[in-house]
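Q:
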Amino acid sequence: MKIGIDCRTILNPKLGEGAGVGHYTYYLVKNLIKIDKKNQYILFFDWRFRDMKEFESKNVKVKNFPFSQYNKFLPFAYSHMLISAYLIKENLDIFHSPVSSLPLTYPKKSLVTVHDLAIYKNPAWFPSQIFSTKLLVPQSLRKADKIIAVSQSTRKDLKDIFNVPAKKMKVIYEGTVVKKVPVKSRHLDGHKKFKIWPNYIFFVGTLEPRKNVQNIIRAYKKLIDGKQGFQKYQLVLAGSKGYKNEQVFNEIKTLKLAKQVKYIGYITHNQKMDLLRKATCFIFPSSYEGFGLPVVEAMALGTPVITSNVSSLPEVASQAALLVDPEKELDIAKALKRLLSNKALQESLKKKGLQRAKEFTWEKCAKETIKVYESMKK
Numbered sequence: 006m007k008i009g010i011d012c013r014t015i016l017n018p019k020l021g022e023g024a025g026v027g028h029y030t031y032y033l034v035k036n037l038i039k040i041d042k043k044n045q046y047i048l049f050f051d052w053r054f055r056d057m058k059e060f061e062s063k064n065v066k067v068k069n070f071p072f073s074q075y076n077k078f079l080p081f082a083y084s085h086m087l088i089s090a091y092l093i094k095e096n097l098d099i100f101h102s103p104v105s106s107l108p109l110t111y112p113k114k115s116l117v118t119v120h121d122l123a124i125y126k127n128p129a130w131f132p133s134q135i136f137s138t139k140l141l142v143p144q145s146l147r148k149a150d151k152i153i154a155v156s157q158s159t160r161k162d163l164k165d166i167f168n169v170p171a172k173k174m175k176v177i178y179e180g181t182v183v184k185k186v187p188v189k190s191r192h193l194d195g196h197k198k199f200k201i202w203p204n205y206i207f208f209v210g211t212l213e214p215r216k217n218v219q220n221i222i223r224a225y226k227k228l229i230d231g232k233q234g235f236q237k238y239q240l241v242l243a244g245s246k247g248y249k250n251e252q253v254f255n256e257i258k259t260l261k262l263a264k265q266v267k268y269i270g271y272i273t274h275n276q277k278m279d280l281l282r283k284a285t286c287f288i289f290p291s292s293y294e295g296f297g298l299p300v301v302e303a304m305a306l307g308t309p310v311i312t313s314n315v316s317s318l319p320e321v322a323s324q325a326a327l328l329v330d331p332e333k334e335l336d337i338a339k340a341l342k343r344l345l346s347n348k349a350l351q352e353s354l355k356k357k358g359l360q361r362a363k364e365f366t367w368e369k370c371a372k373e374t375i376k377v378y379e380s381m382k383k
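Written as structure tokens, this is what we have:
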């Protein structure tokens, strides 16, 4: 078969830093090429593309969408028509879009990967993206011959929100990449670079309302206000500043936690690996995730996890994490107290997490994706 994959998200400047659709596309394609020597792959990039040695193979061709650098200046429908016309000329058997949308006028067999439907669960989280997403996604889901959902939770959302038939969907989990930071670079890449305390609670993610970072801060305040020695733990927050991020910093100021709560901003993948590995625990009480990759990364590094009891997070964490109501700061505080005061529990979660993380590999993701491709040629 001749399979086309839209790889433009790989060209995101932050590729390789362990998040987003670009991260998914990169590792999926890399493993597809490694495993599958039977099918032919056409990888579609745009004008930003530079040679990537890892995509070189006899059954792989790289092509760039023409005029894509002008898309933002073209009428919305016209840019979709250009891409559709270009794809039709390639005479593909299957076109795979790793995002939830397809070119509006593309008429041939297609597959989309849906990572989450957060914008439909709570539109207020994404005020700037509502128009384009609400126009494209429903039409794309109707047009697609098959849909990959990255969790059972996302599959359920597809059924509940769009009434997508069960036979059209396949759940395929993402993988994880746990890099070992070279010993010589660790002082530059994580813990000592940011002058973090020896004992710390770690969060990584975009500072936005659905991550419930304010509730983490309030729970932390309750924890250290007690008299059981929890004052030795610092709270470290990492990640980009998102929608309404100022609420997080206002909370830190209001609770007078400037010395105890440290925001270190956006970090590289190596820095994240180093900080996850050395943390006493990882906390991730998000209100909604399509998959929850940071939870898997923490487990793969042997770090005890506290995460939410909603959306995909209990599915991904299974029995290998403490689950909390993300909307209740007291629930989060109790979980922190329970974990930090119990070494046996920490060790138990570490072992369970390491075992659970083995279930999520990019090789497995690629093999199951190939099975979907094969099912579409029938």
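Residues are numbered in my numbering as their position in the sequence shown, beginning at 1, plus a constant of 5. C-beta: ideal position from N, C-alpha, C; glycine also.
Going by DSSP in three states, C370 sits in which element: helix, strand or coil?
A: Reduced to three states, the DSSP call for C370 is helix.
Q: Can you give the Cα-Cα distance for L163 and P203, rounded to whole angstroms?
A: Approximately 44 angstroms, taken between the alpha carbons.
Q: When you compare only the Cα positions, how much space is there between N314 and S156?
A: One C-alpha to the other measures close to 15 angstroms.
Q: Measuring alpha carbon to alpha carbon, tell me which of G9, E379 and G25 ends up nearest N64.
A: Out of G9, E379 and G25, G9 has the C-alpha closest to the C-alpha of N64.
Q: Using 8 angstroms for Cβ pairs, my map puts R13 next to D51. What's the rounded Cβ distance?
A: With 8 angstroms as the limit, R13 and D51 qualify as a contact, their Cβ atoms being about 5 angstroms apart.
Q: Nearest-angstrom Cα distance between P319 and T312?
A: In a straight line, the C-alpha of P319 is about 8 angstroms away from that of T312.
Q: Ordered along the chain, which non-local residues of its own chain (more than five positions away) have a Cβ less than 8 angstroms from that of C286?
A: Closer than 8 angstroms at Cβ, skipping near neighbours: I206, F207, T308, P309, V310, I311, L341, L344, L345 and Q351.
Q: Using beta carbons (cut-off 9 angstroms, strictly below), is F289 in contact with chain D?
A: Structure shown: chain D not included; a single protein chain is present.
Q: V169 to Y29, Cα distance in whole Å?
A: V169 and Y29: Cα-Cα distance of roughly 23 angstroms.
Q: Just how far apart, CA to CA, sit F254 and I38?
A: F254 and I38: Cα-Cα distance of roughly 44 angstroms.
Q: Can you check whether the CB of L87 is closer than 9 angstroms to the CB of L109?
A: No, the Cβ-Cβ distance between L109 and L87 is not below 9 angstroms.
Q: Cutting at 7 angstroms between CB atoms, please list the residues of its own chain near D330, excluding the five before and the five after it.
A: N314 and D336, listed in sequence order.
Q: Of the choices Y125, S145, K139 and N69, whose alpha-carbon is the least far from that of V102?
A: Checking the sequence, you will find Ser at residue 102 rather than Val. Checking every option, the nearest Cα to that of S102 belongs to S145.
Q: Just list the residues that DSSP pairs M174 with in beta bridges.
A: In the DSSP output, where bridge partners are listed per residue, M174 has I152.
Q: With G9 as the anchor, note down where its alpha helix (DSSP H) starts and where it stops.
A: That residue, G9, is in no alpha helix (DSSP H); its beta strand (DSSP E) goes K7 to D11.
Q: Anyone know if the C-beta pair for H120 and T159 falls short of 9 angstroms?
A: For H120 and T159, yes; Cβs fall inside 9 angstroms.
Q: With distances taken from CA atoms, which of M278, L228, Y248 and V301 is nearest Y265?
A: The residue asked about is misnamed: residue 265 is Gln in this sequence, not Tyr. Per the Cα distances, L228.
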